[in-house]
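Asker: Here's a structure for you.
There are 2 protein chains.
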Amino acid sequence: MIPQPPQNPQGRGPTRRPAPRPRPHGAPAHHAPRAAARPRFGSSARSSHPPRRSKTRVEHQPDSRNRPLNVIIPPPAEDTVRIIPLSGVEEVGRNMTAIEFGGDIFLVDCGFAFSEVDTPGIDYILPNTGYLEARRDKIRGLLITHGHLDHIGGIPYIIDRIGNPMIYTRKLTGMMIKKRQEEFSQTVPVQIREVEKDEVIRLGKATIRFFGVTHTVPDSMGIIIETPWGDAVFTGDIKLNHLDGEPSDEEKKEFGIFKNRNVLALLMDSTNVWQPGFSIPESTVYKTLENIIKNSKGRLIVAMFASHLERLIRVVHFAEEYGKKIVIDGRSMRTNIEIAREIGIIKYRDDTVIAVENMEQYPKENLIILATGAQGDEFASLARIGNKTHKYIRLQPTDTVVLSSSVIPGNERAVQKLKDNLSRQGAHIITYHASDVHASGHGNREEAAWIHRQIKPKFFIPIHGYHYMLRVHADLAEEMGVPADNIAIPDNGSVIEIQGGGEKIVKLPVKAPSEMRVVEGNTVSQLSDVLMRDRKALGQEGFCVVVATIDRRTGRLHKSPDIISRGFVYLRENKELMDQTRLIIRKSVEQAMRNPRAGDLDAAREDLAESVSRFLLSRTMKRPIVIPVIVSI
Amino acid sequence: MIPQPPQNPQGRGPTRRPAPRPRPHGAPAHHAPRAAARPRFGSSARSSHPPRRSKTRVEHQPDSRNRPLNVIIPPPAEDTVRIIPLSGVEEVGRNMTAIEFGGDIFLVDCGFAFSEVDTPGIDYILPNTGYLEARRDKIRGLLITHGHLDHIGGIPYIIDRIGNPMIYTRKLTGMMIKKRQEEFSQTVPVQIREVEKDEVIRLGKATIRFFGVTHTVPDSMGIIIETPWGDAVFTGDIKLNHLDGEPSDEEKKEFGIFKNRNVLALLMDSTNVWQPGFSIPESTVYKTLENIIKNSKGRLIVAMFASHLERLIRVVHFAEEYGKKIVIDGRSMRTNIEIAREIGIIKYRDDTVIAVENMEQYPKENLIILATGAQGDEFASLARIGNKTHKYIRLQPTDTVVLSSSVIPGNERAVQKLKDNLSRQGAHIITYHASDVHASGHGNREEAAWIHRQIKPKFFIPIHGYHYMLRVHADLAEEMGVPADNIAIPDNGSVIEIQGGGEKIVKLPVKAPSEMRVVEGNTVSQLSDVLMRDRKALGQEGFCVVVATIDRRTGRLHKSPDIISRGFVYLRENKELMDQTRLIIRKSVEQAMRNPRAGDLDAAREDLAESVSRFLLSRTMKRPIVIPVIVSI
């Protein structure tokens, strides 16, 4: 099973040297560019790449290094609800949870995570769906809370593996999933059944309900799965649209449904519960942006995630209200606004949005450029404006750039560089530090507390977040009245059961498969620790190939050994070091040839690598990976 | 000129495999461990490593790749003050500025920066002192504002290169510099002349004064260099110890000296001026820590930078006041507290500090452990507590861990992992997000504004920070009344002149050498872009060595080619890919041997690398560095 060639391989042109590193074939244009020194995390604001050439055909490598996929976990007992957070509970991202009872499995969300510092060279990290693959026939449906990549990103890579179950979600989310699937060539097209938040559906033996929640993308919803012993409630990503701590009427109404419900278990977003108080409500951000738009005297460049669709819609609305023209610069942004217009959640006149080429026809103070790249993404619109490679837009000192986003951990340097570039050209920059131009989509502690008070669960399982975040959320739940024994903090793959007909919560000693599955190029495979270790070492120390050609008859080197190194030290400045290394090589190989194991090239190679490593370490305090090549002639 | 062997090379033991990666020889124990996947930035809280074995003998490589060091910049005119921010103005770190007039050069600070994502494998980044090396005879002294590494870290690597000038600084800073020099074997010992903040000294033809400023380490000071046309004022790192925006009496007194002075130019810290309002004053942090200490019912672990010496002193004081015992766990912390005690800025009873081994003799609620590692540093005390490898300390659910620090950009993942590990063991964690247990040492916008009002400079040069930070500071200065034409925003190496006897400020078109100088192991050299590019590529893509042995007579491969790869793909799972690659190798080499250039091994190698690269890219979408080895026999 090796990866198949992509349908339109790049780098086969007439040039002798490999072309600049291509984007992953057909990777959706709103994904992180693989060539970036640091993969970025977290949003779909990754447009503006060169147009993709072909659809991705996903290849799957077998998991050969670990226990078999069908690890024996017997089905849950008849009086038991089994809940398995497959991933997303030791990180922020790749959310996916399975709930199983009465012979049915229901899945909630199917996200991926962007690669970070611990997984160099990897594109995305997927949930491990080994448990599900061995139980495909029980899967009754995949329920999706909203359309962000940490909730839908895994679908193209996973849906085939788990038997292509029906996807249940709201209109906009469904559109976003479908749009994304267009970038992949799937054996079977995904099946989506649109639901509305007030709808009640029957899946397998269970009744399933939905409720609207506040997040940063429209059509976000929570999910209620009715078990025989009460509701299992998933909030999805959630915050409150509060006014000085008072939730909106709409939220009060949505959560009103819990007044008379018997909630067995709550599974809830924990991302920002460790932040005290209330988060800035999105309405405050809208007010701030409205003021900036209303009062702007020069060109305004507003950069944000395309996934912050609610805010995007508001900006378009304000623009129209104050007679401004909009340039949309960034493919993901354009796509999202088009989807939103198509399903009617945004309305604007055709002449409100103008082409970037026609920008010069309008007075500066009437122009708003909506741009992607607020995270410093190397190929996004704003980066190109910053480094003066944008085809149409050059900054002017009267321009104002609004970075309507926070800085995702890991992106600080990239954003700093972006801000440096923008301010070097004289633009005025407004960030969320000094102005309420951004708010998180995840609620703080007091918002979580209010939600707990509405839902009043018997059992609590914090999800979405690193362990510390879950732990803080668990502490909050305890304060809110859930007994400590009724709380289970999961790890990825934890098999949690509510047993005895809703009597007690138990974490089984056995785990569902949870080794990392990763996407690299178009290939899905299990993460190789060896590969990661080597890449980290190479990225710091480089490598050194030493080639010795030995004359079998004389046991002596045929000629002076060759040394080829990359990423180690700058060889041109270290001639003497190289000369000394050659002596070490000669000595090591000739000695190996003289000893009783003479002719045992493996041993000679091992000796050679060791001698050279040790010598280079003593001279340079570096540990390049040494590859010994001994050719015996 | 190649690096000399360290005096006690490691890795020469009897083991066959290289020992675990050593720390840089004799690098001060409070530096970042080189083995860490991500080098950390910013503080001296890096203790607790295995004890160092020998002193570092710094080796210097010639700058061979760029223009000569003695780049021709004529001396400043007689009516001119020349100011060169050598570095620290395109980053946070490695602060060093030169000021030159009347035939004298004065230097302010000599810091280094920790390596970041753009310089993989590098330990530290130094100011480029090429300009000074060509003008050693003019250097009258090195003035140091305070003892943090971004102000003193460069000294052991630079002081010899610039002719070992006298260092002028206050007592504690001098002690910190001396302590650090003990780790290096210098040809000539550094010369330190202690000054006091109210002292007036004469250097060259200039009078120099000092004034006390608030930062996070005692003995921080600003510097006034009197030029014939007014004062050049350096604030050093600075914040205000304000109460609701009202500076302390001490600060009012210190800045009172500017009432009757004629300030020609202000060079001021810009690090946090982009943050609105006032920073949290350190006194608030002390109150918070006092309350936590007073009320703690279990063991308290307080983690912070050893460089936050003021705060460290307060914690020791509170501990004694509330009858607690202190365990100091972390070498840099112990060193700093000892220095502080030696010079009398902290006093405590001998029995207040107890040995970690004796901890069990005291009731939990009376114990405070001062630990390093709040940034997630892999080898620091707190990390070892977190991952249960600490020799003496195991966490208990009644423990409280106070992370008395912010998270330095780039360290988020490491700190997250630390918090996850700590909370997995049940400890309660207090961070600066939910409690005022940390404040920055750099003032916000309104603090900067107050300082500007006191100093009232004619010309303004923002220093210490990324360009965006300097720009925001420049905008503030303009608001405070400095005309735009009197403000110069420097880059590293900018030659700024105040000409015509204090008439106007000019940025010369020529720059002082500003290529990056870096420390890797014990070697100082100019940064190699090629090396960095290779390391970044290797860290994502790995490499592949292909070895073909060719029979010169037949022009055919002698045997099946060898393929050795690391960091590329997991070979064991890609046998078919390797087999196909062997075919490509055979085809490429045999073809090369058949063509008119037959025997031209260089061309054959080039062809081979290209064929293999292209093939691997098409199959895997990865671009490993391909090293072709062709042996002709």
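Line by line, the protein sequences are chains A and B.
Quick note on the working numbering: the first sequence kicks off at 1049 and runs consecutively.
Quick note on the working numbering: the second sequence kicks off at 1049 and runs consecutively.
Note that beta-carbon positions come from the ideal geometry of N, C-alpha and C, so glycine has one too.
Got a sec: is the Cβ-Cβ distance from residue 1468/A to anything in chain B below 8 Å?
Answerer: So yes, residue 1468/A belongs to the interface.
Asker: For residue 1265/B versus residue 1196/B, is the C-beta spacing smaller than 8 Å?
Answerer: Against a cut-off of 8 Å, the Cβ pair of residue 1196/B and residue 1265/B comes out as a contact.
Asker: Which same chain residues end up closer than 7 Å to residue 1320/B when comparing Cβ atoms and leaving out the 5 residues on each side of it in sequence?
Answerer: Around residue 1320/B: 1327, 1488, 1490, 1491, 1492.
Asker: Please name the residue, chosen from 1473/B, 1255/B, 1222/B, 1232/B, that lies closest to residue 1267/B on a Cα-to-Cα basis.
Answerer: Of the listed residues, the one whose Cα sits closest to residue 1267/B is 1222/B.
Asker: How many whole angstroms separate the CB atoms of residue 1418/A and residue 1360/A, which I take to be in contact at a CB cut-off of 8 Å?
Answerer: About 7 Å separates the two Cβ atoms, so the contact holds.
Asker: Can you tell which of 1125/B, 1200/B, 1365/B, 1306/B has its C-alpha closest to the C-alpha of residue 1396/B?
Answerer: When each option's Cα is compared against that of residue 1396/B, the closest is 1365/B.
Asker: Which of helix, strand or coil does DSSP assign to residue 1661/B?
Answerer: Correct three-state label for residue 1661/B: helix.
Asker: What are the boundary residues of the alpha helix (DSSP H) that residue 1437/B is part of?
Answerer: Unbroken run through residue 1437/B: none, as it is neither H nor E.
Asker: Can you pull the DSSP bridge partners for residue 1451/B?
Answerer: Paired residue(s): 1351/B.
Asker: What is the DSSP secondary structure of residue 1574/B, counted as helix, strand or coil?
Answerer: The answer is strand: DSSP assigns residue 1574/B an E or B state.
Asker: Can you find a CB in chain A that lies within less than 8 Å of the CB of residue 1591/B?
Answerer: Yes, residue 1591/B counts as interfacial toward chain A.
Asker: Please report the Cβ distance between residue 1356/B and residue 1329/B, rounded to the nearest whole angstrom; I am assuming they are in contact, meaning their Cβ atoms lie under 8 Å.
Answerer: Not really, about 14 Å apart at Cβ, beyond 8 Å.
Asker: Around the Cβ of residue 1298/A, are there at least 16 other Cβ atoms within 10 angstroms (buried) or fewer (exposed)?
Answerer: Exposed, by the Cβ-count rule.
Asker: Closer than 7 Å between beta carbons: that is the criterion. Which residues of the segment 1662-1677 of chain B meet it against chain A?
Answerer: Answer set for the segment 1662-1677 of chain B: 1662, 1665, 1666, 1667, 1668, 1669, 1670, 1671, 1673, 1675, 1677.
Asker: Nearest to residue 1640/A by alpha carbon, out of 1624/A, 1658/A, 1244/A?
Answerer: It is 1658/A whose Cα lies nearest to the Cα of residue 1640/A.
Asker: Using a Cβ cut-off of 8 Å, pull out every chain A residue sitting near residue 1570/B, in sequence order please.
Answerer: Correct list: 1669.
Asker: Mind listing the chain A neighbours of residue 1631/B? Cutoff is C-beta to C-beta under 7 Å, in chain order.
Answerer: Those within 7 Å of residue 1631/B in chain A number zero; the least Cβ separation is about 13 Å.
Asker: With 9 Å as the C-beta to C-beta threshold (strictly closer), list the residues of the segment 1478-1506 of chain A near chain B in chain order.
Answerer: For the segment 1478-1506 of chain A, which is checked against every Cβ of chain B, the residues closer than 9 Å are 1479, 1481, 1482, 1483, 1493.
Asker: By how many angstroms is the C-alpha of residue 1207/A removed from the C-alpha of residue 1215/A?
Answerer: Going by the C-alpha atoms only, they are around 10 Å apart.
Asker: Between which two residues does the beta strand (DSSP E) holding residue 1130/B run?
Answerer: Where residue 1130/B is concerned, the enclosing beta strand (DSSP E) stretches over 1129-1135.
Asker: With 8 Å as the threshold, decide whether the Cβ of residue 1101/A is near any Cβ in chain B.
Answerer: Interpretation of residue 1101/A is limited by its pLDDT of 48, a score under 50 that renders its predicted location unreliable; no figure is taken from the coordinates.
Asker: Closer than 8 Å by beta-carbon distance: list the chain A residues that pair up with residue 1576/B, in chain order.
Answerer: Correct list: 1618.
Asker: Since residue 1191/B is in the beta strand (DSSP E), which residue starts that stretch and which ends it?
Answerer: Unbroken beta strand (DSSP E) run through residue 1191/B: 1187-1191.
Asker: Enumerate, from N- to C-terminal direction, the unbroken beta strand (DSSP E) stretches of 3 or more residues contained entirely within the segment 1157-1233 of chain B.
Answerer: If we require 3 residues or more, the beta strand (DSSP E) runs fully inside the segment 1157-1233 of chain B come out as 1172-1174, 1187-1191, 1215-1217.
Asker: Within 10 Å of its beta-carbon, does residue 1681/B have 16 or more other beta-carbons around it, so buried, or fewer, so exposed?
Answerer: Exposed.
Asker: Taking the DSSP output, what are the residues bridged to residue 1287/A?
Answerer: The partner list for residue 1287/A (beta bridge, DSSP) reads 1262/A.
Asker: So, using beta-carbon positions, are residue 1518/B and residue 1318/B closer together than 8 Å?
Answerer: Result yes, Cβ atoms of residue 1518/B and residue 1318/B sit closer than 8 Å.
Asker: Which value, in whole angstroms, describes the spacing of the CA atoms of residue 1230/A and residue 1106/A?
Answerer: Each residue's alpha carbon lies about 13 Å from the other.
Asker: Please identify the residue among 1270/B, 1316/B, 1607/B whose C-alpha is closest to the C-alpha of residue 1305/B.
Answerer: Closest by alpha carbon: 1270/B.
Asker: Quick check on DSSP: helix, strand or coil for residue 1521/A?
Answerer: Correct three-state label for residue 1521/A: helix.
Asker: If you count every other CB in all the chains shown that lies within 10 Å of the CB of residue 1671/A, and 16 or more means buried, which is it?
Answerer: Under this definition residue 1671/A is a buried residue.
Asker: Is it right to say residue 1409/A is buried, meaning 16 or more other beta carbons lie within 10 angstroms of its own, or is it exposed?
Answerer: Residue 1409/A is exposed by the Cβ-count criterion.
Asker: In or out: residue 1505/A buried (at least 16 other Cβ within 10 Å) or exposed?
Answerer: Under this definition residue 1505/A is a buried residue.
Asker: Grab me the residues of residue 1586/A's own chain with a C-beta within less than 7 Å of its C-beta, minus the 5 sequence neighbours each way, in chain order.
Answerer: Same-chain partners within the cutoff: 1615, 1673.
Asker: Can residue 990/A and residue 1140/A be called in contact, C-beta distance under 8 Å?
Answerer: This structure cannot speak to residue 990/A, because chain A is shown only from 1049 to 1681.
Asker: Count the C-beta pairs between the segment 1564-1576 of chain A and the segment 1166-1176 of chain A that are closer than 8 Å, then say yes if the count reaches three, no if not.
Answerer: Yes: at least three Cβ pairs fall under 8 Å.
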